[in-house]
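Have a look at the structure below, then the notes.
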Amino acid sequence: MRTSQVAKKFNVSNDALLYWEKIGMIPKVPRDDSGYRNYTKNEIEWIDFVTCMRSSGVGVAYLVNYYQLFKQGNSTKEERQRLLENQLFEMGQRIEEMQDAYSRLEEKLTHYDKNVEGVFSKREIVE
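Numbering follows full-length UniProt numbering, with no gaps: position 25 of the sequence shown is 25.
If you want it as structure tokens, here you go:
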């Protein structure tokens, strides 16, 4: 797949893909005979992971670090696992915070619904 096709598939800009490759957040993309990037299944799987993590609030520096460790192979397996466990914990905390905010908004809307019903039930309609 070409850069523009991958960008469209993951709803990111061409520049984002090129930047991610430049900073080492995704693998180097092989090029065809004309010099165009030709994304393979491997790069696409990494981009899928990166876009998922970015949309969940995971930082660029974390993802670069993770990929660089991944490239080093099995010797970094435990360190990568710790990174993932820490990220999962942080994500769980953000989810709890979002659930709390969600509950508060629901309560607030319930309050508004009750007040609006009360106002309309007491209001006379004048023609």
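Heads up, the beta-carbon is just placed ideally off N, CA and C, and yes, glycines get one too.
Would residue i pass as a contact of residue j if the rule is Cβ separation under 8 Å?
i          : j          : result
residue 64 : residue 98 : no
residue 94 : residue 59 : no
residue 66 : residue 80 : yes
residue 51 : residue 12 : yes
Alpha carbons only, please: which of the options is nearest the one belonging to residue i?
i          : options         : result
residue 28 : 53, 61, 8, 68   : 68
residue 39 : 94, 12, 2       : 2
residue 10 : 53, 106, 108    : 53
residue 90 : 62, 115, 105    : 62
residue 46 : 6, 103, 107, 88 : 6
residue 41 : 23, 84, 49      : 49
Which class does residue i belong to by DSSP, given the choice of helix, strand or coil?
i          : result
residue 80 : helix
residue 94 : helix
residue 2  : coil
residue 56 : coil
residue 14 : helix
residue 47 : helix
residue 24 : coil
residue 72 : coil
Apply the 10 Å Cβ neighbour rule to residue i and answer buried if 16 or more other Cβ atoms are within range, or exposed otherwise.
i           : result
residue 101 : exposed
residue 17  : buried
residue 37  : buried
residue 43  : buried
residue 96  : exposed
residue 106 : exposed
Looking at the strands, I want to know which residues DSSP matches up with residue i.
i          : result
residue 37 : 31
Please check if any C-beta of chain B sits within less than 8 Å of the C-beta of residue i.
i         : result
residue 6 : Judged by its chain identifiers, the structure shown contains no chain B, having just a single protein chain.
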